[in-house]
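First the structure, in the form of structure tokens, and then the observations on it.
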Amino acid sequence: MKEKETFEEEIKRLEKIVDDLAEGKLTLAESIKKYEEGIKLARGCSAVLNEAQRKVELLMKKEGKFSLETFEDKES
Numbered sequence: 003m004k005e006k007e008t009f010e011e012e013i014k015r016l017e018k019i020v021d022d023l024a025e026g027k028l029t030l031a032e033s034i035k036k037y038e039e040g041i042k043l044a045r046g047c048s049a050v051l052n053e054a055q056r057k058v059e060l061l062m063k064k065e066g067k068f069s070l071e072t073f074e075d076k077e078s
């Protein structure tokens with residue numbers, strides 16, 4: 003049985019799928035298969051990030067330092 007990949011491994015796979023699709027050299031069937039795989043990976047990664055956020059918020063709350071701030075991407 004295959005071991006579950008780490009978050010970082012899944013992100014690398016997702017990046018590879020995006021690169022493959024962007025190249026435009028895949029057949030339609032291959033593109034659809036890659037797209038479906040990418041959607042599954044993106045959903046899984048999103049779930050991991052959401053769980054991590056909940057854990058951090060819980061830890062901050064336990065420390066009495068709980069405050070939510072909007073995250074703004076400085077690179078945009």
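If you read the sequence shown in the numbering used here, its first letter stands for residue 3, the second for the next number, and so on.
Idealized CB from N, CA, C, for every residue including glycine.
Note on geometry: alpha-carbon atoms of L16 and A54 lie some 19 angstroms from one another. Just so you know, the alpha carbons of L30 and L51 end up roughly 31 angstroms apart. In the DSSP annotation of this structure, the continuous segment of the alpha helix (DSSP H) that includes L23 starts and ends at F9 to E25. In the displayed model, L28 falls within coil according to three-state DSSP, outside both helix and strand.
The C-alpha of I34 lies about 9 angstroms from the C-alpha of L23.
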